[in-house]
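A.B. asks: Below are the structure tokens for one structure; questions will follow.
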Ligand SMILES: [Zn+2]
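In the numbering used here, the protein residues as written are 364 to 657.
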């Protein structure tokens, strides 16, 4: 969780209240279909898989070069949220502007992924890499949409089941990594796929101090950066998981060291690459991780 996303956030609230007072409610405007608004396109893609043609889904964050941690909500987007029939969001401090909107629009249905996460003791907010949590979110979306739109309830439930079936096959792929590479040491520039790494039985040996600095939006200390470099140069880490959406000169330097040392680099993203479904994205990420470890 980074501190810098909080800037700009209070400014928008005045406009949210103004919109709430003018009462521009726009529910089920699109041919009577429920309107789902998701924060990132990850949750949007998951919602879209359940919605099919029976509900419309829009995502606030779709730009693959943007960092969702530093997203600032505009007035039009605040209105989109308060007018939604269902909001699907991450929670856990990742998209805190939603909680602010919900304070002025308490009746809007919502699914908060972090709140339904599988492991309540784990505070890593990137819960879309936890497939058990994703199943709970999918069920929450299907139930909420069935409730809003009973005529299409069976469609929502069927698509949710189908999605869960496909996700199960990806979980099987993760299980194969867990068996073949028990406690294989890996490093991550950011603990974005933390839940995937845990499910795959891999040991994240990244210096904790380095990860904490990155998470807090600070520059890692020279000592923790040196320790990270050493893990790569000595090849004690088998893989470097590299977030291409949050790179700077220090992460690029680590990537260069990994490449020179012959440590496999697995590129990951925090939001969904354009034109990919959530399932394709996860299947591809898991396949590349498996290939890098082999
Ligand atoms: Zn993140």
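The beta-carbon is built from N, C-alpha and C at its ideal position, and this holds for glycine as well.
(1) Put residue 566 into one of helix, strand or coil per three-state DSSP.
(2) Which complete beta strand (DSSP E) runs does the stretch 614–647 hold, if anything under 3 residues is left out?
(3) Is it buried or exposed for residue 553, if we count other Cβ within 10 angstroms and need 16 for buried?
(4) Candidates 629, 637, 639 and 592: which alpha carbon is nearest residue 616's?
(5) So, residue 457 versus residue 488, is the Cβ gap smaller than 9 Å?
(6) For ligand 1, is there any heavy atom lying closer than 8 Å to the beta carbon of residue 585?
(7) Please determine if the stretch 556–569 and the stretch 483–498 are in contact, where contact requires at least 3 C-beta pairs separated by less than 8 Å.
(8) Between 445, 418 and 480, which lies nearest to residue 513 when the distance is taken from Cα to Cα?
(9) Hey, would you say the C-beta of residue 546 is under 8 Å away from at least one heavy atom of ligand 1?
(10) How about residue 553: is its Cβ closer than 8 Å to a heavy atom in ligand 1?
(11) Could you give the C-beta distance for residue 602 and residue 626, rounded to a whole number, given that I count them as a contact under 8 Å?
(12) Evaluate contact between the stretch 564–582 and the stretch 540–551, counting only Cβ atoms and requiring at least three cross-stretch pairs below 8 Å.
(13) With distance defined between alpha-carbon atoms, name the residue in 397, 528 and 447 nearest to residue 423.
(14) With a cut-off of 8 Å, do at least 3 Cβ pairs link the stretch 579–594 to the stretch 629–640?
(15) For ligand 1, is there a heavy atom less than 8 Å away from the beta-carbon of residue 432?
(16) For residue 440 and residue 430, what's the separation of their Cα atoms in angstroms?
(17) In the DSSP assignment, find the beta strand (DSSP E) that holds residue 452 and state where it starts and stops.
(18) Where do the ends of the beta strand (DSSP E) carrying residue 608 lie?
(19) Helix, strand or coil: how does DSSP classify residue 603 here?
(20) Nearest to residue 524 by alpha carbon, out of 535, 502, 541 and 509?
(21) What did DSSP end up calling residue 468 once you bin it into helix, strand or coil?
(22) Hey, how far is the Cα of residue 449 from the Cα of residue 466?
(23) Flag this pair as yes or no: are the beta carbons of residue 536 and residue 653 separated by less than 9 Å?
(24) Can you name, in chain order, every residue of its own chain whose Cβ lies under 6 Å from the Cβ of residue 541, other than the five neighbours on each side?
(25) Name, in chain order, the residues that DSSP records as bridge partners for residue 549.
(26) Say yes only if the C-beta of residue 633 is nearer than 8 Å to one or more non-hydrogen atoms of ligand 1, and no if none qualify.
(27) From residue 433 to residue 636, what distance separates their C-alpha atoms?
(28) Between which two residues does the alpha helix (DSSP H) harbouring residue 505 extend?
C.D. replies: Quick answer:
(1) Residue state, collapsed to three classes: strand.
(2) Taking only runs of at least 3 residues, the beta strand (DSSP E) segments lying wholly in the stretch 614–647 are 627–631.
(3) Looking at its Cβ environment, which holds 16 or more other Cβ atoms inside 10 Å, residue 553 is buried.
(4) For residue 616, the closest alpha carbon among the candidates 629, 637, 639 and 592 is that of 592.
(5) Between residue 457 and residue 488, the CB-CB gap stays under 9 Å.
(6) Not under cutoff, so the answer is no.
(7) Taking one beta carbon from each stretch, the stretch 556–569 and the stretch 483–498 have 3 or more pairs nearer than 8 Å; the two touch.
(8) With distances taken between Cα atoms, residue 513 lies closest to 418.
(9) False, no ligand heavy atom lies under 8 Å from that Cβ.
(10) Within the cutoff, so yes.
(11) Sure, about 7 Å apart at Cβ, within 8 Å.
(12) In this structure the stretch 564–582 lies against the stretch 540–551, because at least three pairs of beta carbons, one per stretch, are closer than 8 Å.
(13) The shortest Cα separation from residue 423 among 397, 528 and 447 belongs to 447.
(14) No: the two stretches stay apart, fewer than three of their Cβ pairs being nearer than 8 Å.
(15) Closer than 8 Å to some heavy atom of ligand 1: that describes the Cβ of residue 432.
(16) Rounded to whole angstroms, residue 440 to residue 430 spans 17 Å at the Cα level.
(17) Residues 449–452.
(18) Taken as a continuous stretch (DSSP letters only), residue 608 belongs to no beta strand (DSSP E), as it is neither H nor E.
(19) In the structure shown, the three-state DSSP call for residue 603 is strand.
(20) Per the C-alpha coordinates, the member of 535, 502, 541 and 509 positioned closest to residue 524 is 502.
(21) In this structure, residue 468 counts as coil in the three-state DSSP scheme.
(22) If I take the Cα positions, the gap works out to 15 Å.
(23) For residue 536 and residue 653, yes; Cβs fall inside 9 Å.
(24) Setting aside the 5 residues that flank it on each side, residue 541 is surrounded in the same chain by 563 and 564, each with a C-beta closer than 6 Å to its C-beta; the list follows chain order.
(25) For residue 549, which the question treats as bridged, DSSP gives the partners 567 and 602.
(26) Yes, ligand 1 has a heavy atom inside 8 Å of this Cβ.
(27) Going by the C-alpha atoms only, they are around 18 Å apart.
(28) Looking at the DSSP string, the run of the alpha helix (DSSP H) that includes residue 505 is 494–511.
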